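Student: My questions will all concern the structure given below.
In this note's numbering, the protein residues as written are 2 to 437.
As structure tokens, this is what we get:
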């Protein structure tokens, strides 16, 4: 349950020492932060609180999330259980060993504070390794549970990853390294991509400085005014920029001008019918106001997929969904079956009124005797699919058989599928039986 460094909620000056104990000092240290505890002092806490922390470290080292979480308050378990489960699941081994611990208590409080200095060695299942020196502050409540936790890290230079700085600048007499930057660059790129995909030139222009230096991947260089972006999409029919990775960085111990590397893929179609598909690596530079001052673009054309190839892939996806529909329907698995429908889906059944919405569709399915009748099966056959990657229309045939395998009826159907959150779901469907 050891997370990354959390926000510091108190600045504490600790002056407790063995000399003070020898002089029978009953309180020491002082809180300087503004708030209800300002100017209060510390007194010795209990060994019981220290032992709780020691036992929690053993549980943490066991790499068992259930044991680990058992030492934390109900509130912390609720907030951290997902992280803890994923954390331990990814770890091969954990080994945290304390160097020193001091149990304290704010004078007048009923909670103990345990200050701990330790070393932690981590080995991930993927083979990565890391060593950390940790200073931690645990809060132990009246129930003997850890109710709050702060962690400060010191990262040794010998780590294979997780360093706060690295790399090298190859300039004359330079020993500088790179470090991560945290001035909102990631959020800027995400918002910029959102404006780009909306083809909102006005919003897109606001991310750039008044004058931008743009180095194109074909070697072309140009200076662009940020006002030029306003009409950038005038001749564009559609765009789709997908970000694969963002890496914000700066040169260590220099002015706060920063850069960022972005890995992305972009597809576009112009109003004249021209289409493009490129994989790109883009290097952005920011000024002190957080505006982009230069772009260095590296890229290559991605493999072109013809419309026929694209529709063949979509048809295969729809056929697979129909097979799932048959499986869920024939087994009576309504929960799985309904996941194939949009919340506002509409059915136009044979010899019935229109049925609107997933809940109404669920009730209609529950009322169908055929779905509950053991041995009765329905099989779909997709005969045609047309549309695009967002909305497609499927035409098909159905065969219904009884438990003995005898064909009881045949029919045809039309289903309209729409991609929602990356998956096709049914938004409209209608069917009727063939003549007997």
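Glycine included, every Cβ here is placed at the ideal spot set by N, Cα and C. Computed from a predicted model, the values in this text were never measured in an experiment.
1) Taking 8 Å as the cut-off, does the segment 104 to 120 touch the segment 33 to 46 (at least 3 CB pairs, one atom from each stretch)?
2) Under 8 Å: do the segment 261 to 280 and the segment 235 to 249 share three or more Cβ pairs, one atom per stretch?
3) Which of the three DSSP states is assigned to residue 155 in this structure?
4) For residue 328 and residue 272, which I take to be in contact (beta-carbon distance under 8 Å), what is that distance rounded to the nearest angstrom?
5) Skipping 5 residues on each side, what residues in its chain have a beta carbon closer than 8 Å to that of residue 398?
6) Return yes when the Cβ of residue 386 is within less than 9 Å of the Cβ of residue 293, no when it is not.
7) Quick one: any contact between the segment 86 to 104 and the segment 121 to 128, if contact means 3 or more CB pairs under 8 Å?
8) Roughly how many angstroms lie between the CA atoms of residue 197 and residue 187, to the nearest whole one?
9) Determine contact between the segment 330 to 346 and the segment 362 to 369, defined as no fewer than three beta-carbon pairs at a distance below 8 Å.
10) On the three-pair Cβ rule with 8 Å, is the segment 71 to 89 touching the segment 147 to 158?
11) Select from 286, 241 and 240 the residue whose C-alpha is nearest the C-alpha of residue 257.
12) Mapping the DSSP letters down to three states, classify residue 41 as helix, strand or coil.
13) Taking the Cβ atom as the reference point for each residue, do residue 115 and residue 138 lie within a distance shorter than 9 Å?
14) Checking 9 Å against the spacing of the C-beta atoms, do residue 1 and residue 216 come in under that value?
15) Could you spell out the range, first to last residue, of the alpha helix (DSSP H) harbouring residue 330?
16) Do the CB positions of residue 378 and residue 331 come within less than 9 Å of each other?
17) With 16 as the cutoff for other CB atoms within 10 Å, does residue 97 come out buried or exposed?
18) Which residue marks the beginning of the alpha helix (DSSP H) containing residue 93, and which one marks its end?
19) How would you call residue 251, buried or exposed, if buried means at least 16 neighbouring beta carbons within 10 angstroms?
20) What is the DSSP secondary structure of residue 255, counted as helix, strand or coil?
21) Given that a residue counts as buried once 16 or more other Cβ atoms are within 10 Å of its Cβ, and exposed if not, what is residue 289?
22) Do residue 129 and residue 100 have their beta-carbon atoms positioned less than 9 Å apart in this structure?
23) Excluding the five sequence neighbours on either side, which residues of its own chain have a C-beta within less than 6 Å of the C-beta of residue 143, listed in chain order?
24) Beta-carbon within less than 6 Å of residue 230's beta-carbon, same chain only, minus the 5 sequence neighbours each way: which residues are those?
25) Nearest-angstrom Cα distance between residue 291 and residue 390?
26) Rounded to a whole number of angstroms, what is the C-alpha to C-alpha distance between residue 154 and residue 166?
27) Quick test of your reading: residue 50 and residue 118, contact by CB under 8 Å. State the CB separation rounded to the nearest angstrom.
28) To which residues does DSSP link residue 358 through a beta bridge?
29) Going by other Cβ atoms of all chains shown within 10 Å of its Cβ, with 16 needed for buried, is residue 427 buried or exposed?
30) Could you compute how far the alpha carbon of residue 190 sits from the alpha carbon of residue 282?
31) With a Cβ-Cβ cutoff of 9 Å, do residue 315 and residue 393 count as a contact?
32) Please report the distance separating the alpha-carbon of residue 425 from that of residue 366.
33) What is the DSSP secondary structure of residue 53, reduced to helix, strand or coil?
34) Mapping DSSP to helix, strand and coil, what is residue 171?
35) For residue 249, which of helix, strand or coil comes out of DSSP?
Tutor: The answer reads as follows:
1) yes
2) yes
3) Your numbering for residue 155 matches position 154 in the chain shown. In this structure, residue 155 counts as strand in the three-state DSSP scheme.
4) Numbered from its first residue, the chain shown carries residue 328 at position 327. Numbered from its first residue, the chain shown carries residue 272 at position 271. Their Cβ separation, rounded to whole angstroms, is 44 Å, which puts residue 328 and residue 272 out of contact at 8 Å.
5) Translated into the one-based positions of the chain shown, residue 398 becomes position 397. 381, 382, 384, 411, 412, 413 and 414.
6) Here residue 293 corresponds to residue number 292 of the chain shown, with the count starting at 1. Here residue 386 corresponds to residue number 385 of the chain shown, with the count starting at 1. Taking 9 Å as the Cβ cut-off, residue 293 and residue 386 do not qualify as a contacting pair.
7) yes
8) By one-based count along the chain shown, residue 197 stands at place 196. By one-based count along the chain shown, residue 187 stands at place 186. One C-alpha to the other measures close to 15 Å.
9) yes
10) yes
11) Taking the first residue of the chain shown as 1, we reach residue 257 at position 256. Looking at the Cα atoms, 286 is the closest of the given residues.
12) Translated into the one-based positions of the chain shown, residue 41 becomes position 40. Here residue 41 carries a coil assignment [DSSP, helix/strand/coil].
13) Numbered from 1 along the chain shown, position 114 holds the residue referred to as residue 115. Numbered from 1 along the chain shown, position 137 holds the residue referred to as residue 138. Taking 9 Å as the cut-off, the Cβ atoms of residue 115 and residue 138 count as close.
14) This structure cannot speak to residue 1, because the chain is shown only from 2 to 437.
15) Residue numbering aside, residue 330 sits at position 329 when the chain shown is read from its first letter. 308 to 332 is the span of the alpha helix (DSSP H), which, as asked, contains residue 330.
16) For the purposes of this step, residue 378 is identified with residue 377 of the chain shown, where counting begins at 1. For the purposes of this step, residue 331 is identified with residue 330 of the chain shown, where counting begins at 1. With a cutoff of 9 Å on beta-carbon distance, residue 378 and residue 331 are scored as near each other.
17) Start at 1 with the first residue of the chain shown, and residue 97 comes out as number 96. Taking all protein chains in view, the Cβ of residue 97 is crowded by 16 or more other Cβ atoms within 10 Å, so the residue is classified as buried.
18) Taking the chain shown and counting its residues from 1, the one referred to as residue 93 is at position 92. Element bounds for residue 93: not the alpha helix (DSSP H) but the beta strand (DSSP E), 92 to 107.
19) The residue given as residue 251 occupies position 250 in the chain shown. Buried.
20) On the chain shown, position 254 is the one that residue 255 refers to. In the structure shown, residue 255 sits in coil (DSSP, three-state: anything other than H, G, I, E or B).
21) Walking along the chain shown from the start, residue 289 turns up at place 288. When all chains shown are included, residue 289 counts as exposed.
22) Along the chain shown, one-based indexing puts residue 100 at 99. Along the chain shown, one-based indexing puts residue 129 at 128. In this structure, residue 129 does not lie closer than 9 Å to residue 100 by Cβ.
23) Here residue 143 refers to the residue found at position 142 of the chain shown. Around residue 143: 111.
24) Here residue 230 refers to the residue found at position 229 when the chain shown is read from its first residue. Closer than 6 Å at Cβ, skipping near neighbours: 202, 205 and 206.
25) Position 290 of the chain shown holds residue 291. Position 389 of the chain shown holds residue 390. Spanning the two alpha carbons is a distance of roughly 36 Å.
26) Taking the chain shown and counting its residues from 1, one reaches residue 154 at position 153. Taking the chain shown and counting its residues from 1, one reaches residue 166 at position 165. Roughly 14 Å between the two C-alpha positions.
27) As a working mapping, residue 50 is identified with position 49 in the chain shown. As a working mapping, residue 118 is identified with position 117 in the chain shown. At roughly 16 Å, the Cβ-Cβ gap does not stay under 8 Å, so residue 50 and residue 118 are not in contact.
28) Taking the chain shown and counting its residues from 1, one reaches residue 358 at position 357. Bridge partners of residue 358: none, in fact.
29) Residue mapping note: residue 427 aligns to position 426 of the chain shown, counting from 1. Buried, because 16 or more other Cβ atoms sit within 10 Å of the Cβ of residue 427.
30) Position 189 of the chain shown, counted from the start, is the residue given in the question as residue 190. Position 281 of the chain shown, counted from the start, is the residue given in the question as residue 282. Approximately 13 Å, taken between the alpha carbons.
31) Taking the chain shown and counting its residues from 1, one reaches residue 315 at position 314. Taking the chain shown and counting its residues from 1, one reaches residue 393 at position 392. Cβ atoms of residue 315 and residue 393: closer than 9 Å.
32) Numbered from its first residue, the chain shown carries residue 425 at position 424. Numbered from its first residue, the chain shown carries residue 366 at position 365. When rounded, the distance between both Cα atoms is 21 Å.
33) To locate residue 53, count along the chain shown from 1; it is residue 52. Looking at residue 53 - three-state DSSP - the assignment turns out to be helix.
34) Locating residue 171 in the chain shown gives position 170, counting from the first residue. Residue 171: coil per DSSP, three-state reduction.
35) Numbered from 1 along the chain shown, position 248 holds the residue referred to as residue 249. Residue state, collapsed to three classes: strand.
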